[in-house]
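Structure, as structure tokens:
There are 2 protein chains.
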Amino acid sequence: MALLVLKFGGTSVADVDRIRNAAFHVKREVEAGHACAVVVSAMAGHTNQLVALVDQAWGFKERRKQNDAEASAQYDGREYDAVVSSGEQVTSGLLALVLQSLGMRARSWQGWQIPLQTDGAHRAARITGVAVNELKARMLEGEVAVVAGFQGVAPGNRISTLGRGGSDTSAVALAAALQADRCDIYTDVDGVYTTDPRVVPKAHRLAKISYEEMLEMASQGAKVLQTRSVELAMQKGVRVLVRSSFAAPGLAGKGDAANGLGTLVCHEDEIVEQNVVSGIAYARDEAKVTLLKVADKPGVAAQVFCPLAEANINVDMIVQNVSDDGRHTDLTFTVQSADLDRALEVLRKAKDSIGYLDLRGSTDIAKVSAIGVGMRSHAGVAAQMFSALAEKGINIEAISTSEIKISVLIDAAYAELAVRTLHSLFGLDSR
Amino acid sequence: MALLVLKFGGTSVADVDRIRNAAFHVKREVEAGHACAVVVSAMAGHTNQLVALVDQAWGFKERRKQNDAEASAQYDGREYDAVVSSGEQVTSGLLALVLQSLGMRARSWQGWQIPLQTDGAHRAARITGVAVNELKARMLEGEVAVVAGFQGVAPGNRISTLGRGGSDTSAVALAAALQADRCDIYTDVDGVYTTDPRVVPKAHRLAKISYEEMLEMASQGAKVLQTRSVELAMQKGVRVLVRSSFAAPGLAGKGDAANGLGTLVCHEDEIVEQNVVSGIAYARDEAKVTLLKVADKPGVAAQVFCPLAEANINVDMIVQNVSDDGRHTDLTFTVQSADLDRALEVLRKAKDSIGYLDLRGSTDIAKVSAIGVGMRSHAGVAAQMFSALAEKGINIEAISTSEIKISVLIDAAYAELAVRTLHSLFGLDSR
Numbered sequence: 002m003a004l005l006v007l008k009f010g011g012t013s014v015a016d017v018d019r020i021r022n023a024a025f026h027v028k029r030e031v032e033a034g035h036a037c038a039v040v041v042s043a044m045a046g047h048t049n050q051l052v053a054l055v056d057q058a059w060g061f062k063e064r065r066k067q068n069d070a071e072a073s074a075q076y077d078g079r080e081y082d083a084v085v086s087s088g089e090q091v092t093s094g095l096l097a098l099v100l101q102s103l104g105m106r107a108r109s110w111q112g113w114q115i116p117l118q119t120d121g122a123h124r125a126a127r128i129t130g131v132a133v134n135e136l137k138a139r140m141l142e143g144e145v146a147v148v149a150g151f152q153g154v155a156p157g158n159r160i161s162t163l164g165r166g167g168s169d170t171s172a173v174a175l176a177a178a179l180q181a182d183r184c185d186i187y188t189d190v191d192g193v194y195t196t197d198p199r200v201v202p203k204a205h206r207l208a209k210i211s212y213e214e215m216l217e218m219a220s221q222g223a224k225v226l227q228t229r230s231v232e233l234a235m236q237k238g239v240r241v242l243v244r245s246s247f248a249a250p251g252l253a254g255k256g257d258a259a260n261g262l263g264t265l266v267c268h269e270d271e272i273v274e275q276n277v278v279s280g281i282a283y284a285r286d287e288a289k290v291t292l293l294k295v296a297d298k299p300g301v302a303a304q305v306f307c308p309l310a311e312a313n314i315n316v317d318m319i320v321q322n323v324s325d326d327g328r329h330t331d332l333t334f335t336v337q338s339a340d341l342d343r344a345l346e347v348l349r350k351a352k353d354s355i356g357y358l359d360l361r362g363s364t365d366i367a368k369v370s371a372i373g374v375g376m377r378s379h380a381g382v383a384a385q386m387f388s389a390l391a392e393k394g395i396n397i398e399a400i401s402t403s404e405i406k407i408s409v410l411i412d413a414a415y416a417e418l419a420v421r422t423l424h425s426l427f428g429l430d431s432r
Numbered sequence: 002m003a004l005l006v007l008k009f010g011g012t013s014v015a016d017v018d019r020i021r022n023a024a025f026h027v028k029r030e031v032e033a034g035h036a037c038a039v040v041v042s043a044m045a046g047h048t049n050q051l052v053a054l055v056d057q058a059w060g061f062k063e064r065r066k067q068n069d070a071e072a073s074a075q076y077d078g079r080e081y082d083a084v085v086s087s088g089e090q091v092t093s094g095l096l097a098l099v100l101q102s103l104g105m106r107a108r109s110w111q112g113w114q115i116p117l118q119t120d121g122a123h124r125a126a127r128i129t130g131v132a133v134n135e136l137k138a139r140m141l142e143g144e145v146a147v148v149a150g151f152q153g154v155a156p157g158n159r160i161s162t163l164g165r166g167g168s169d170t171s172a173v174a175l176a177a178a179l180q181a182d183r184c185d186i187y188t189d190v191d192g193v194y195t196t197d198p199r200v201v202p203k204a205h206r207l208a209k210i211s212y213e214e215m216l217e218m219a220s221q222g223a224k225v226l227q228t229r230s231v232e233l234a235m236q237k238g239v240r241v242l243v244r245s246s247f248a249a250p251g252l253a254g255k256g257d258a259a260n261g262l263g264t265l266v267c268h269e270d271e272i273v274e275q276n277v278v279s280g281i282a283y284a285r286d287e288a289k290v291t292l293l294k295v296a297d298k299p300g301v302a303a304q305v306f307c308p309l310a311e312a313n314i315n316v317d318m319i320v321q322n323v324s325d326d327g328r329h330t331d332l333t334f335t336v337q338s339a340d341l342d343r344a345l346e347v348l349r350k351a352k353d354s355i356g357y358l359d360l361r362g363s364t365d366i367a368k369v370s371a372i373g374v375g376m377r378s379h380a381g382v383a384a385q386m387f388s389a390l391a392e393k394g395i396n397i398e399a400i401s402t403s404e405i406k407i408s409v410l411i412d413a414a415y416a417e418l419a420v421r422t423l424h425s426l427f428g429l430d431s432r
């Protein structure tokens, strides 16, 4: 017998038919003799409806016209949480009933009933403790615990929520508190791929991926798991299996990673045959900003990046070229595409204090990254990568690296070619 | 300063605009210096949607085909309550936000947060206690308590609900626990009328009505307040003001009954000028069943009514005439129209054990009642009533009386005429 946490996202509980499908996944695990807790999100779209009601109640539209900051400051996150958490309350009760209708013992648990305690940062609370004694005892007696995700109880006995996508974090935190053998995240994809299969048909699903790699993949746009939940899983050593809820539950066999189902996110020690590079990620939602002929003097970087930080604009890759005359430099960096216009405006306003000749912005770029914990022990990965891209005539505009990741900024037109080239280069093409 | 409980039903919080309208009623009372608790129902229609989801999750349609009783017995009311109570959670949070947006201090209270304790009879729980210490202290400091109606917490820390229309009962129980000066029920009518104004244009709103009369009026079809809430108000001595949420909040002045707004349901001692009859009620949803030539022997009534009780069919008025030969009797009684076909079937099956000549059923009847606590001290009310009806040529088919009510069963065609006649007879026509 294993102790399992299963988590179903919004699309997996979008209506009662989908909830019934989820219930069959649970049934398979129960019949295999496992003790199960199930974490559910709200029905797809329901949370958005509730948020819209809250915005309307608070009169956000009218208030934004007046004073955005003031309106946001007064906004009572405790009431937002009371309203918005009701979506998971509904699906938890419904799934418990469906499980009962299939002959299983089951009960729903709201955050405050467990209790799953959080801090008082309403709307984006952090979990501070999960009291699982009673819940676990009932699970071990064969009762399925159906837990409302996304929510907890804050000091003062008020309902709190964990921020959008927080149900992943609920599931991982519950798995950690239960010392569960595994936390299965049922979603609308069947695992984590070496790269986007729409770009590289030879992409294949990874049987295993390390927490660190998953974090890099996620922040690169492989939006399968909420980043916080991966960080928490890494910290607590929770083994997370990403798998599809749309696969027919009956056909899925015992359904663990050993049977080739889904992708297990785990400690790198558990991954026996580790490739140097596990995956190629790419992102097209960044934009490039170039400042031409900036004076090459101490403190100029601060004069560029401080006003951007003040405007809440995140800067990603930065590259600085010394110019011919030795007294000027060209400065290139990337921001989120959505922030480009604001970034340009901020820099135009700061032109006098920075001192530059010209300012250019472009969204016609892509960031391509090779990710793998194997890089730590293998030298020359970057050199291999740059050579391969050069061979295809792809110009690299900027580079950034971490211990387990190398990212390059290139012309958007070459994005697919670059991804395919690197996917082959690092031996990821499925045979 | 007074301590007030205000209750808004589903149509009064049907959308954010209606919730804002409700908030202005609250604002008026807050600005008058009163300490306020507000009890809210779910948005009109929302509870029905949630119940439909629960039925679907439990697979009620499929199960009913198999075994209705068994399916109902297994049905877990605790999960029904978890799902269905979410509607009031939403409106309580939204109203708190709207009140805050209007500059008031407010917070929402779920049943478990108060806590409002109930027994374990899920789906139709009875309130066993309301712990109002913290809530009241905050109210007295000027914070509006917005309470989710219809719900409480049962033993075992599970959410319970009070049955349909239970928010009236929540409000009265809260008012009792708070020792509130008044419990204002905001609804889509502006009070209790002497009779249906659609039938008698001269009907007028009663400024006050006693609990006992209100109970008789309600069970006669004047469906303004849930019966249980009136019983509870009577038992605890809570003064209940029925009033319209659709009246412009700003125009309503101080809005108490003394200003001629709404109908105050109170102890009869508080009603100075008591009419003999306070109101005329009528109902058309009853049907008449007649058994002809039943043997007039001991035990025959039991043989008729026991099988009906077993089939969960309520019998209302009963009249028995001795026949000419002295050995047979005709037995007439009424049931709800919806139960007529079932009642006839039950009686047909029991024909041999009862022994009757013929069985007849008719829905072509109406029950007209005169209600008033003044009857206790005034003799001859019934005689007056029968004479007035006889003068109009209206035949009385059955009579039933209580201390404060006289009901007659008549041909449905004469219902309006009878109501108008009695309304004039007892001096209820507005001048």
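Chains as they are written, first to last, in the working numbering: chain G, 2 to 432; chain Z, 2 to 432. For every residue, glycine included, the Cβ atom is placed at its ideal position computed from N, Cα and C.
Output, in sequence order along the chain, the residues in the region 179-191 of chain G whose CB is closer than 7 Å to any CB in chain Z.
none
Quick one: Cα of G:Ala176 to Cα of G:Gln236, how far?
12 Å
Indicate whether the contact test is met: 3 or more Cβ pairs, each with one atom in the region 375-394 of chain Z and one in the region 403-410 of chain Z, closer than 8 Å.
yes
Can you tell me whether DSSP reads Z:Glu213 as helix, strand or coil?
helix
Taking DSSP's pairing of strands, which residues face G:Trp110 in a bridge?
G:Val148
Contact criterion: CB-CB distance below 7 Å. Does G:Gly254 meet it with respect to chain Z?
In this prediction, G:Gly254 has a pLDDT of 45, which is less than 50 and means its spatial position is unreliable; what the coordinates show is noted afterwards. Cβ-Cβ to chain Z under 7 Å: no for G:Gly254.
Given that G:Gly112 touches chain Z, what residues does it touch there, using C-beta distances under 9 Å?
Within 9 Å Cβ-Cβ: nothing; G:Gly112 doesn't reach chain Z, min ~11 Å.
Contact with chain Z by G:Asn158, beta-carbon distance below 7 Å:
yes
Using 10 angstroms around the beta-carbon of G:Asp353, count the other beta-carbons present and answer buried if the total reaches 16, otherwise exposed.
exposed
Assuming G:Ser431 contacts G:Lys203 (C-beta within less than 8 Å), just tell me the rounded distance between them.
5 Å
For G:Met140, which of G:Gln90, G:Val27 and G:Ser42 has the nearest alpha-carbon?
G:Val27
Pull out every residue of the region 74-88 of chain Z whose Cβ sits closer than 9 Å to any Cβ of chain G, in chain order.
Gln75, Tyr76, Asp77, Arg79, Glu80, Tyr81, Asp82, Ala83, Val84, Val85, Ser86, Ser87 and Gly88
Using a Cβ-Cβ cutoff of less than 6 Å, which residues in the same chain neighbour G:Ala45 once the five nearest sequence positions on both sides are dropped?
Gly11, Thr12 and Ala15
Can you pull the chain G residues whose beta carbon is under 7 Å from the beta carbon of Z:Ala282, in chain order?
Those within 7 Å of Z:Ala282 in chain G number zero; the least Cβ separation is about 39 Å.
If the cut-off is 8 Å on Cβ atoms, which residues from the region 144-174 of chain G count as contacting chain Z, listed in chain order?
Asn158, Arg159 and Ile160
CB contact check: G:Ala259 to chain Z, cutoff 7 Å:
Note that G:Ala259 has pLDDT 44, beneath the 50 cutoff, so the model's placement of it is unreliable and no number is given.
Close Cβ partners of G:Leu163 (< 6 Å) along its chain, the five nearest in sequence each way excluded:
Ala126, Phe151 and Thr170
Along chain Z, which residues have their Cβ under 8 Å away from the Cβ of G:Ser93?
Ala83
Would you say Z:Val99 lies against chain G (beta-carbon separation less than 7 Å)?
yes
If contact is defined by three or more beta carbon pairs under 8 Å, each pair taking one atom from either stretch, is the region 182-193 of chain G in contact with the region 128-139 of chain Z?
no
Compare the C-beta of G:Gln57 with all C-beta atoms of chain Z and state if any pair is closer than 7 Å.
yes
Ordered along the chain, which non-local residues of its own chain (more than five positions away) have a Cβ less than 6 Å from that of Z:Gln275?
Gly375
Give the list of continuous beta strand (DSSP E) stretches no shorter than 3 residues that lie fully inside the region 308-383 of chain G.
316-323, 329-337, 359-363 and 366-372
Selection of the region 15-32 of chain Z by Cβ proximity to chain G, strictly under 7 Å:
Val17 and Ile20
Could you list which residues in chain Z have their beta carbon closer than 7 Å to that of G:Gly60, in chain order?
Ser102
Can you confirm whether G:Leu7, when its beta carbon is compared against all beta carbons of chain Z, has any partner nearer than 7 Å?
no
Can you list the alpha helix (DSSP H) stretches of 4 or more residues lying completely in the region 139-197 of chain G, in chain order?
167-179
Would you say the region 263-281 of chain G touches the region 297-314 of chain G, given that touching needs at least three Cβ pairs under 8 Å?
no
Indicate whether at least one CB of chain G lies closer than 7 Å to the CB of Z:Leu117.
no
Using three-state DSSP, classify Z:Lys1 as helix, strand or coil.
Lying before the first or after the last residue shown, residue 1 of chain Z is absent from chain Z, which here runs from 2 to 432.
Given this structure, state the Cα-to-Cα distance separating Z:Ser87 from G:Val31, to the nearest angstrom.
29 Å
Do we get a CB-CB distance below 7 Å when we pair G:Gln50 with the residues of chain Z?
no
Would you decide whether Z:Met2 is buried or exposed? Buried here means 16 or more other CB atoms lie within 10 Å of its CB.
exposed
Cα-Cα separation between G:Ala24 and G:Leu262, rounded to whole angstroms
18 Å
Taking DSSP as the reference, what is the three-state secondary structure of Z:Phe427?
coil
Measure from the C-beta of G:Glu90 to each C-beta in chain Z and report whether the shortest distance is under 7 Å.
Note that residue 90 of chain G corresponds to Gln in the displayed sequence, not to Glu. Yes, G:Gln90 lies at the interface with chain Z (some Cβ there is under 7 Å from its Cβ).
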